[in-house]
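Structure first, then comments.
Protein chains: 2
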Amino acid sequence: MITRLSTLFLRTLREDPADAEVPSHRLLVRAGYVRRVAPGIYSWLPLGLRVLRNIEAVVRQEMDAIGGQEILFPALLPREPYQTTGRWTEYGANLFRLHDRKGGDYLLGPTHEELFTLTVKGEYSSYKDYPVILYQVQTKYRDEERPRAGILRGREFLMKDSYSFDLSDEGLARSYQAHREAYIKIFDRLGLRYVIVSAMSGAMGGSASEEFLAEAETGEDTFVRSTESGYAANVEAVITPAPPERPLDGLPPARVLHTPDTPTIDTLVGHLNGAGLGRTFSAADTLKNVMVKTRQPGAQRWELLGVGIPGDREVDMKRLEASLAPAEVALLDDTDFAAHPFLVKGYIGPGSLADNGVRYLVDPRVVVGTAWATGADQADHHVVDLVCGRDFTPDGTVEAAEVWAGDPSPDGAGTLVAARGIEIGHIFQLGRKYTDAFALDALGSDGKPIRITMGCYGVGVSRLVGAVAEQSHDAHGLIWPREVAPADVHVVIAGKDAAIGAAGERLAIELDAAGLRVILDDRPATPGVKFADAELIGVPTILVVGRGLASGVVEVKDRTTGERTEVPVDGVVAHLNELCAK
Amino acid sequence: MITRLSTLFLRTLREDPADAEVPSHRLLVRAGYVRRVAPGIYSWLPLGLRVLRNIEAVVRQEMDAIGGQEILFPALLPREPYQTTGRWTEYGANLFRLHDRKGGDYLLGPTHEELFTLTVKGEYSSYKDYPVILYQVQTKYRDEERPRAGILRGREFLMKDSYSFDLSDEGLARSYQAHREAYIKIFDRLGLRYVIVSAMSGAMGGSASEEFLAEAETGEDTFVRSTESGYAANVEAVITPAPPERPLDGLPPARVLHTPDTPTIDTLVGHLNGAGLGRTFSAADTLKNVMVKTRQPGAQRWELLGVGIPGDREVDMKRLEASLAPAEVALLDDTDFAAHPFLVKGYIGPGSLADNGVRYLVDPRVVVGTAWATGADQADHHVVDLVCGRDFTPDGTVEAAEVWAGDPSPDGAGTLVAARGIEIGHIFQLGRKYTDAFALDALGSDGKPIRITMGCYGVGVSRLVGAVAEQSHDAHGLIWPREVAPADVHVVIAGKDAAIGAAGERLAIELDAAGLRVILDDRPATPGVKFADAELIGVPTILVVGRGLASGVVEVKDRTTGERTEVPVDGVVAHLNELCAK
Chain V
1 MITRLSTLFL RTLREDPADA EVPSHRLLVR AGYVRRVAPG IYSWLPLGLR VLRNIEAVVR
61 QEMDAIGGQE ILFPALLPRE PYQTTGRWTE YGANLFRLHD RKGGDYLLGP THEELFTLTV
121 KGEYSSYKDY PVILYQVQTK YRDEERPRAG ILRGREFLMK DSYSFDLSDE GLARSYQAHR
181 EAYIKIFDRL GLRYVIVSAM SGAMGGSASE EFLAEAETGE DTFVRSTESG YAANVEAVIT
241 PAPPERPLDG LPPARVLHTP DTPTIDTLVG HLNGAGLGRT FSAADTLKNV MVKTRQPGAQ
301 RWELLGVGIP GDREVDMKRL EASLAPAEVA LLDDTDFAAH PFLVKGYIGP GSLADNGVRY
361 LVDPRVVVGT AWATGADQAD HHVVDLVCGR DFTPDGTVEA AEVWAGDPSP DGAGTLVAAR
421 GIEIGHIFQL GRKYTDAFAL DALGSDGKPI RITMGCYGVG VSRLVGAVAE QSHDAHGLIW
481 PREVAPADVH VVIAGKDAAI GAAGERLAIE LDAAGLRVIL DDRPATPGVK FADAELIGVP
541 TILVVGRGLA SGVVEVKDRT TGERTEVPVD GVVAHLNELC AK
Chain Z
1001 MITRLSTLFL RTLREDPADA EVPSHRLLVR AGYVRRVAPG IYSWLPLGLR VLRNIEAVVR
1061 QEMDAIGGQE ILFPALLPRE PYQTTGRWTE YGANLFRLHD RKGGDYLLGP THEELFTLTV
1121 KGEYSSYKDY PVILYQVQTK YRDEERPRAG ILRGREFLMK DSYSFDLSDE GLARSYQAHR
1181 EAYIKIFDRL GLRYVIVSAM SGAMGGSASE EFLAEAETGE DTFVRSTESG YAANVEAVIT
1241 PAPPERPLDG LPPARVLHTP DTPTIDTLVG HLNGAGLGRT FSAADTLKNV MVKTRQPGAQ
1301 RWELLGVGIP GDREVDMKRL EASLAPAEVA LLDDTDFAAH PFLVKGYIGP GSLADNGVRY
1361 LVDPRVVVGT AWATGADQAD HHVVDLVCGR DFTPDGTVEA AEVWAGDPSP DGAGTLVAAR
1421 GIEIGHIFQL GRKYTDAFAL DALGSDGKPI RITMGCYGVG VSRLVGAVAE QSHDAHGLIW
1481 PREVAPADVH VVIAGKDAAI GAAGERLAIE LDAAGLRVIL DDRPATPGVK FADAELIGVP
1541 TILVVGRGLA SGVVEVKDRT TGERTEVPVD GVVAHLNELC AK
């Protein structure tokens, strides 16, 4: 099919839209791919819809290749299944909720674990039925507090979500691995630069969850990567390398010092360095004890927890929460301090925590044999040379300290640098959360029930349009990888001469007949306007039919490199056919 | 791709679902095509999704063929555009409304006239841009009071809706005609038996709106058709043929009679026939005057209207409303009668209506020269031989009387019979309702604005799955037309013999290689179970690989006719390839 710009429902814009913060948003609007309807809610115009469908097709092919079976759930869902799993309330304000005419509670599905689990339970019963991978490409809804960056974070968006159902943990690991490989194929085919980051700390089971992040300075997700190896991880998932333990023999004894007015690390370090102790202290030599409280899921009571980290770093609450999940974490308030008078604010030390049975977790750098300056559990007093393993024994370690650029990479190769990305995929070994909620069992060969274990796997299909655009553009416009481009060749009729017009038409027809997808700019516009639009629209190959025709040549321009090649008009169809097949 | 029943996510049911009222619903559930999630809300399982996608592809091809350009709107829409057109309230309880987290009003789109109009206004400005046809295949929402018949009347459903934008009425007529022809192609390709009915009475502009109804006894829509010609129409659109006018000369004069206790037609006819008038009266000789009130859009005041129809028929309010649209219509209540004492209930005649300036419309059968028995505007009195055009002069005619089977067909050929159908398509010359609401103008060549005129055109894509199933099934299961079937050939391995299994596998692979879509029943089930499932699933051609293999033959069964043919195993791929190409 030839797409003629003379009739295509497309008007490109010369000006950037006022609300566009990132290049992909700006260019997708300017090039006429999407239009805003409401915050985070967009329409797809003809070229945008083509790119979306191309990406959808790639995703579908790779899901089918691993044996995924496509089904389709509604977006409008009854409350009950989400009530059963607690997500009706857990989703909070992110969930679009509504009533039907009879007052029944409904929601717009943000993700479909409940429905997939119930459907498998409805159809399958025997161990012989498993494993199974089901997926859908479906419109999802999340009432984001801050929809942003056009289609990168929308409130209505297209996702591929798949779910694996296995009889065993080993089966789940295989389904997970199959998805991981399929996702690599998908994102490679889309020409994306991306990293796969561990999404959860080791405490939660290592590779049970990974995110695929398209590298982009404008991305919302931060992650760290090694300067030397392929290591990359969410900040929450970074595991701090522990230094080797040190011998306790010969270490100086702990000493309590009067350190008036030193409630902060800075004041403490200043005081110590002026105290004539014969050595220099830095913030890294101090042990900062931060008090939080935690509550296990379903529990009523909060429990105190002391977190000890080197004084030069702050606590990163997201890392702490990820480390302690599924428990809730909160900072102590004044009431809590009042209820526990042994907590001397600004001067808390490991001693009173141990004396009062408060759990105490420390940064992995706090190993046996390390000596610290820390609180002495009385106002205006600190202790120095308090040695881990001799003077105090923590209850374990915790990933709570912030991660810094320059920290050693957990895999031992190089140091960490910070980077930003756009989450384009997420794979997750869910386990039995949902199958427990709905009692999804298979009858085993021995007649006993086997609780099914699940994985869930998502690809942001509409977001990928934005992610590809974010990575692939220049000052003039979009530059689509061939697999997702709205056409293979953009033919520009550059000149009012009838022979030029006729040649353009003929070449478009021949290219179309050769199986290429062709955009033909047959508008009565100037070559300048046409060239600008071709660059903006971003089809990978531009064929200019212009003055050269008199000498029997046309110009083939590579949108990516900008390289122009003159090609004899008689050979150009074969030339482009070969080019596009690559 | 070969679909293996050993792994397909499909469990057929032996029992009919309890809530299924119609065959298509029963069979689509039993054959594992759809599953109910909530009233009027369904999931599509793998085979159902394939049929849905096949239908979608046919619709898309025919829309592209008439130059339609596909775009995609969101389902979640802001209130404002619908407020502008009044549909935010007009839709009443049928509209799903919701709030977002900031309290903004949103709706789930039931149809997208507003968005299409605004989008065209956003992109286009010159007369040179027009005409344009835009369409989408998109999920729609209507909170039906009584969702029924499975996917035939759902609350979440898939529709193709298209909209034409033209500079002139002639252009609109062309766009309308193009859609009409495209719809005929679509429904023909889907193998449907259907009629095209006028959806509106002549008063509203003739063929400005037509519905495509798939014939089905279980359909919700009633229509009438001629016993002899191709005439078919919604009951609302039936135009009553008027008899020829008769000369007034020599007709007996009108006479007022004392007719005590005759407030109904039956009591009146009984009285007249016992009154010694020398002739026999039937209900058809009486003129029943029904009082209603009407209100024009935007008007505050209701106005009285008298409707005169032959006494043997009742008023069909839907026909009356269609005739008087866009005015509202309501019956008079006691207050109205009290306010107009000249209305003598049970004895109302044309006289007092004329005397009191009340508009009076009559059935088209009430022509000049016809004589009637009717009310004399005083209690217990009627008048006979009241002649139209002599004794009273109506203000016009109205289609208010019910239509009966046996009535003459409006086109003069044969008589009418009642029939039922499922609305599968609707084409409508909308005109300027929405372009007026949003001031969609094109700048004309003379520099003056031209108000654009619109058509809207819908196909119920998900409903079509049900409509095709409703027309195409038997006692054993579904029978899909080839173009929409989930596969071309259903290969049944009928026997545990290894050679039979191997031959089935090999044939499936060869058929797949030949480009056919193959379902392979490779399950370890009995032939009886497999045959029953093959009939239930309804693929048009069933290939049975069984005992005949020993003699070098396999069996090809036509699902529609039940015809079985033995074919040499060596020639069966060629045979089926030819069969499926038909």
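Protein chains in written order, with the working numbering: chain V, 1 to 582; chain Z, 1001 to 1582. The beta-carbon is built from N, C-alpha and C at its ideal position, and this holds for glycine as well. What you are looking at is a predicted structure, and each value in this text was computed from that prediction instead of being measured.
*Verify whether the separation of the beta carbon atoms of residue 188/V and residue 421/V is less than 8 Å.*
Start at 1 with the first residue of the first sequence, and residue 188/V comes out as number 188. Start at 1 with the first residue of the first sequence, and residue 421/V comes out as number 421. Between residue 188/V and residue 421/V, the CB-CB gap reaches or exceeds 8 Å.
_residue 42/V at chain Z interface by Cβ criterion, 8 Å_ = Walking along the first sequence from the start, residue 42/V turns up at place 42. Yes, its Cβ sits closer than 8 Å to a Cβ of chain Z.
*residue 361/V and residue 397/V look like a contact to me (Cβ under 8 Å); what is the Cβ gap, rounded to whole Å?*
The residue labelled residue 361/V in the question sits at position 361 within the first sequence. The residue labelled residue 397/V in the question sits at position 397 within the first sequence. Rounded to the nearest angstrom, the Cβ distance from residue 361/V to residue 397/V is 6 Å, consistent with a contact under 8 Å.
_Under DSSP, the alpha helix (DSSP H) around residue 1269/Z begins and ends at which residues?_
Along the second sequence, one-based indexing puts residue 1269/Z at 269. It spans 1265 to 1273 - the alpha helix (DSSP H) in which residue 1269/Z sits, taken as one unbroken run.
*Spell out whether any CB of chain Z is found under 8 Å from the CB atom of residue 337/V.*
Within the first sequence, residue 337/V is the residue found at index 337, counting from 1. So, not an interface residue.
*I think residue 627/V touches residue 442/V, with their Cβ atoms under 8 Å apart; what is that distance to the nearest whole Å?*
This structure cannot settle anything about residue 627/V, because the visible part of chain V is limited to 1 through 582.
_For residue 570/V and residue 509/V, what's the separation of their Cα atoms in angstroms?_
Numbered from its first residue, the first sequence carries residue 570/V at position 570. Numbered from its first residue, the first sequence carries residue 509/V at position 509. Residue 570/V and residue 509/V: Cα-Cα distance of roughly 14 Å.
_Partners in chain Z for residue 452/V, counting only beta-carbon separations shorter than 8 Å_ = By 1-based counting over the first sequence, the position of residue 452/V is 452. When 8 Å is used as the limit between beta carbons, residue 452/V is near no residue of chain Z, the shortest such separation being about 14 Å.
_Uninterrupted alpha helix (DSSP H) stretches inside the region 1051 to 1120 of chain Z (no shorter than 4 residues)_ = Entirely contained in the region 1051 to 1120 of chain Z, the alpha helix (DSSP H) runs reaching 4 residues are, in chain order, 1079 to 1085, 1087 to 1090.
*What's the gap between the Cα of residue 206/V and the Cα of residue 198/V?*
For the purposes of this step, residue 206/V is identified with residue 206 of the first sequence, where counting begins at 1. For the purposes of this step, residue 198/V is identified with residue 198 of the first sequence, where counting begins at 1. Reliability of the predicted coordinates at residue 206/V is poor, the pLDDT of 41 falling under 50, and the value obtained from them is presented with this limitation in mind. Roughly 8 Å separates the two Cα atoms.
*Whole beta strand (DSSP E) runs in the region 274 to 307 of chain V with 3 or more residues, listed along the chain?*
Within the region 274 to 307 of chain V, the complete beta strand (DSSP E) segments of 3 residues or longer fall at 287 to 295, listed in chain order.
*Would you mind telling me which residues of chain Z sit closer than 9 Å to residue 122/V, beta carbon to beta carbon, in chain order?*
If you number the first sequence from 1, residue 122/V lands on position 122. Simply 1011, 1035.
*Name, please, each residue of chain V whose Cβ falls closer than 7 Å to the Cβ of residue 1537/Z.*
Against the second sequence, residue 1537/Z aligns to sequence position 537. Neighbours of residue 1537/Z on chain V: none; closest Cβ ~15 Å, over 7 Å.
_Close-in-space but distant-in-sequence residues of the same chain around residue 492/V (CB under 8 Å, 5 per side omitted)_ = In the first sequence, counting from the first residue as 1, residue 492/V sits at position 492. Around residue 492/V: 504, 521, 527, 530, 531, 534, 542, 543, 544, 545, 546.
_Within 8 Å of any Cβ in chain Z, is that where the Cβ of residue 139/V sits?_
Position 139 of the first sequence, counting from 1, holds the residue named residue 139/V. So, interface residue.
*asked:* Per the DSSP calculation, residue 371/V is bridged to which residue(s)?
replied: Here residue 371/V corresponds to residue number 371 of the first sequence, with the count starting at 1. Note: residue 371/V sits in a beta bridge opposite 387/V.
*Which partner residues does residue 151/V have in the DSSP bridge list?*
Position 151 of the first sequence, counted from the start, is the residue given in the question as residue 151/V. Looking at the DSSP assignment, residue 151/V forms no beta bridge with any residue, so it has no partner.
*Given a cut-off of 8 Å, decide if residue 1287/Z and residue 1387/Z are closer than it, judged by their beta-carbon atoms.*
On the second sequence, residue 1387/Z is found 387 positions in, with the first residue counted as 1. On the second sequence, residue 1287/Z is found 287 positions in, with the first residue counted as 1. One thing to note: residue 1387/Z has its Cβ no nearer than 8 Å to the Cβ of residue 1287/Z.
*Three-way DSSP call (helix, strand, coil) for residue 1201/Z in this model*: Numbered from its first residue, the second sequence carries residue 1201/Z at position 201. Because the pLDDT of residue 1201/Z is 47, which lies under 50, any placement of that residue in the model is unreliable, and the question is left without a value.
*With a cut-off of 8 Å, does the C-beta of residue 1096/Z fall near any C-beta of chain V?*
Residue mapping note: residue 1096/Z aligns to position 96 of the second sequence, counting from 1. Proximity of residue 1096/Z to chain V, defined by a Cβ-Cβ separation below 8 Å, is satisfied.
*residue 1211/Z versus residue 1120/Z: straight-line alpha-carbon distance, rounded*: Taking the second sequence and counting its residues from 1, one reaches residue 1211/Z at position 211. Taking the second sequence and counting its residues from 1, one reaches residue 1120/Z at position 120. C-alpha separation (whole angstroms): 26 Å.
*By Cβ distance, which residues of its chain are closer than 7 Å to residue 414/V, with the 5 residues on each side in sequence left out?*
To locate residue 414/V, count along the first sequence from 1; it is residue 414. Contacts found: 226, 227, 228, 229.
*Test item: CB-CB of residue 243/V and residue 367/V under 8 Å*: Taking the first residue of the first sequence as position 1, residue 243/V is located at position 243. Taking the first residue of the first sequence as position 1, residue 367/V is located at position 367. Yes, the Cβ-Cβ distance between residue 243/V and residue 367/V is below 8 Å.
*Find the residues of chain Z that neighbour residue 27/V, judging by a C-beta separation of less than 7 Å, and give them in chain order.*
Along the first sequence, read from residue 1 onward, the residue named residue 27/V stands at position 27. Here the premise fails: no neighbours, minimum Cβ distance about 17 Å.
*Taking 8 Å as the cut-off, decide whether the C-beta atoms of residue 52/V and residue 462/V are in contact.*
Taking the first sequence and counting its residues from 1, one reaches residue 52/V at position 52. Taking the first sequence and counting its residues from 1, one reaches residue 462/V at position 462. Their beta carbons are under 8 Å apart, which means residue 52/V touches residue 462/V by this criterion.
*Indicate the three-state DSSP secondary structure (helix, strand or coil) for residue 1577/Z in the structure shown.*
By 1-based counting over the second sequence, the position of residue 1577/Z is 577. Helix.
*Measuring only between beta-carbons, confirm whether residue 1101/Z sits less than 8 Å from chain V.*
The sequence position of residue 1101/Z within the second sequence is 101, counting from 1. Against chain V, the CB of residue 1101/Z has a partner CB under 8 Å away; the residue lies at that interface.
*Identify whether residue 317/V lies in helix, strand or coil by the three-state DSSP scheme.*
As a first step, residue 317/V must be located in the first sequence, where it is residue number 317. In the three-state DSSP reduction, residue 317/V falls in the helix class (H, G or I).
*Quick one: using the 10 Å Cβ neighbour count with 16 as the cut-off for buried, is residue 331/V buried or exposed?*
In the first sequence, residue 331/V corresponds to position 331, counting from 1. Counting the other Cβ atoms within 10 Å of the Cβ of residue 331/V gives fewer than 16, which makes it exposed.
*asked:* I'd like to know whether the C-beta atoms of residue 1538/Z and residue 1559/Z end up nearer to each other than 8 Å.
replied: Stepping through the second sequence from its first residue, residue 1538/Z is reached at position 538. Stepping through the second sequence from its first residue, residue 1559/Z is reached at position 559. Contact: yes.
*Decide if residue 1011/Z is buried, meaning its Cβ has at least 16 other Cβ atoms within 10 Å, or exposed.*
On the second sequence, residue 1011/Z is found 11 positions in, with the first residue counted as 1. Exposed, since its Cβ has fewer than 16 Cβ neighbours within 10 Å.
*What does a CB cutoff of less than 6 Å around residue 1489/Z pick up in its chain, not counting 5 residues either side in sequence?*
As a working mapping, residue 1489/Z is identified with position 489 in the second sequence. Excluding residues within five positions, the ones whose Cβ falls inside 6 Å are 1511, 1516, 1518, 1541, 1543, 1576.
_8 Å is my cut-off, CB to CB: does residue 367/V come that close to chain Z?_
As a first step, residue 367/V is located in the first sequence; it is residue number 367 there, counting from the start. It does not; no Cβ of chain Z falls within 8 Å.
*Should residue 1455/Z go down as buried or exposed, given a rule of 16 or more other Cβ atoms within 10 Å for buried?*
Position 455 of the second sequence, counted from the first residue, corresponds to residue 1455/Z. Residue environment for residue 1455/Z: buried (at least 16 other C-beta atoms within 10 angstroms of its C-beta).
*8 Å Cβ cutoff, residue 1017/Z in contact with chain V*: As a working note, residue 1017/Z is residue 17 in the second sequence. The C-beta of residue 1017/Z comes no closer than 8 Å to any C-beta of chain V.
_Nearest neighbour of residue 385/V, chosen from 280/V, 176/V, 296/V [CA to CA]_ = Along the first sequence, read from residue 1 onward, the residue named residue 385/V stands at position 385. The shortest C-alpha separation from residue 385/V is found at 280/V.
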